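Quick note: the sequence shown, position 47, residue 47 per the UniProt record's numbering, numbers continuous. Cβ coordinates follow ideal geometry from the N, Cα and C atoms, glycine included. Remember, predicted model here, so these are calculated numbers, not experimental data.
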Amino acid sequence: MENTPVRVPAGGVMLDGDLGNPAGARGVVVFAHGSGSSRFSRRNRHVASILQARGLATLLVDLLTVEEEAVDLRTAEVRFDIDLLARRVVGIVDWLGGETVTAGLGIGIFGASTGAAAALVAAAERPEAVKAVVSRGGRPDLAGGALPQVKAPTLLIVGGADTLVIDLNQQAFEDLRCERQIVIVPRATHLFEEPGALDQVADLAGHWFEAHMAPGERRMARAS
């Protein structure tokens, strides 16, 4: 399906995004991209298309402005500003709640790399709006003190060959107090570029979002 370009006010700036909204959508998933990525990420667009086919709306959005991206390309410093990224994600969540086409839909966040930390901080700050979080090769450990405050069921997906990130995800898993699960995709590297690896990520994410994003649903948090 075609995505609709949108402009999202968040954290005092306007962010560019692409909203895919299938008929009868049962929820909307925000993509919080990671280091050096954007809404044009081939991997995130692939996952988004699969989620749309499952009846979930998706919002692929740039968390940085064009000017910030230019600075980040030179210094790589903005992508690790978790507070800034989280404020942007919170703004996006608030915007979705006020838009006619998405108001009333449960919101999920799909975070990659540092975007996973921003997703978890935003989930901690908007516990009633954010129904589920999925991290792909993420750095949830960078969410720090926000981790025990997260209420949204959280799925951590890590590549089996991404050993350092596995350790960091296991540390974050111990700090989470919500319903949570960690899945290791065998032989997959950090970007899940191996044949079938990204499809496996999309399938895991789709099942997780479908299980936790029914409109108006609020499940009791439990550890798994």
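Give me the residue from the options with the minimum Cα distance to residue i.
i: Phe-110; options: Leu-120, Ile-182, Arg-54; result: Leu-120
i: Val-89; options: Val-101, Leu-198, Gly-11; result: Gly-11
i: Ile-166; options: Gln-149, Asp-175, Pro-148, Gly-137; result: Gly-137
i: Gly-159; options: Thr-4, Gln-149, Arg-139; result: Arg-139
i: His-212; options: Asn-3, Ile-184, Glu-193, Leu-105; result: Leu-105
i: Ser-49; options: Phe-31, Thr-154, Thr-65; result: Phe-31
i: Phe-80; options: Ala-112, Asp-199, Leu-198, Leu-176; result: Ala-112
i: Glu-174; options: Leu-155, Thr-189, His-190, Leu-191; result: Leu-155
i: Val-6; options: Arg-39, Arg-26, Gly-27; result: Arg-39
Under 7 Å Cβ to Cβ from residue i, same chain only, skipping five residues before and after it: list those, please.
i: Glu-210; result: Arg-54
i: Ala-223; result: Bear in mind that a pLDDT of 35 at Ala-223, under 50, signals an unreliable position, so the model cannot answer this.
i: Pro-22; result: Met-1, Gln-52, Gly-55, Ala-57
i: Ala-146; result: Leu-120, Val-121, Ala-124
i: Val-13; result: Thr-65
i: Trp-95; result: Val-8, Pro-9, Ala-10
i: Val-101; result: Asn-21
i: Glu-194; result: Arg-187, Ala-188
Can you find the residues in the same chain that come closer than 6 Å, C-beta to C-beta, to residue i, ignoring five residues on each side of it along the sequence?
i: Gly-196; result: none
i: Gly-216; result: Model confidence at Gly-216 stands at a pLDDT of 46, short of 50, so the residue's coordinates are unreliable; what they give is reported in the following sentence. Cβ within range, chain order: n/a, list empty.
i: Thr-4; result: Leu-19
i: Gln-200; result: Val-185
i: Ser-41; result: His-33
Measure how close the beta-carbons of residue i and residue j come, nearest whole angstrom, since I'm counting them as under 8 Å.
i: Ala-161; j: Arg-187; result: 6 Å
i: Leu-15; j: Leu-85; result: The Cβ separation is near 11 Å, so there is no contact.
i: Ala-129; j: Gly-98; result: In fact, because the Cβ distance is near 11 Å, the residues do not count as touching under 8 Å.
i: Val-78; j: Glu-68; result: 5 Å
Considering only the beta carbon of each residue, do residue i and residue j sit closer than 8 Å?
i: Val-134; j: Ile-157; result: yes
i: Ala-172; j: Leu-51; result: no
i: Asp-18; j: Leu-60; result: yes
i: Ile-92; j: Ala-117; result: no
i: Thr-114; j: Leu-142; result: yes
i: Val-185; j: Phe-192; result: yes
i: Trp-208; j: Ala-103; result: no
i: Val-47; j: Leu-198; result: yes
Could you please give me the residues that DSSP links to residue i through a beta bridge?
i: Val-90; result: Val-90 pairs with nothing; no bridge assigned.
i: Met-213; result: Looking at the DSSP assignment, Met-213 forms no beta bridge with any residue, so it has no partner.
i: Gly-111; result: Ala-32, Ser-135
i: Gln-181; result: Leu-155
i: Val-201; result: For Val-201, which the question treats as bridged, DSSP gives no partner whatsoever.
i: Val-8; result: Leu-15
i: Leu-60; result: Asp-18, Phe-31
Closer than 7 Å: is that where the CB of residue i sits relative to any heavy atom of the ligand COA?
i: Leu-19; result: Only the bare structure without any ligand can be found here, which leaves the ligand COA out of the picture.
Report all residues from its chain with a CB closer than 8 Å to the CB of residue i; omit the five preceding and five following residues, and keep chain order.
i: Asn-44; result: Phe-31, His-33, Ser-37, Leu-60, Phe-110, Ala-112
i: Gly-24; result: Gly-55
i: Thr-75; result: none
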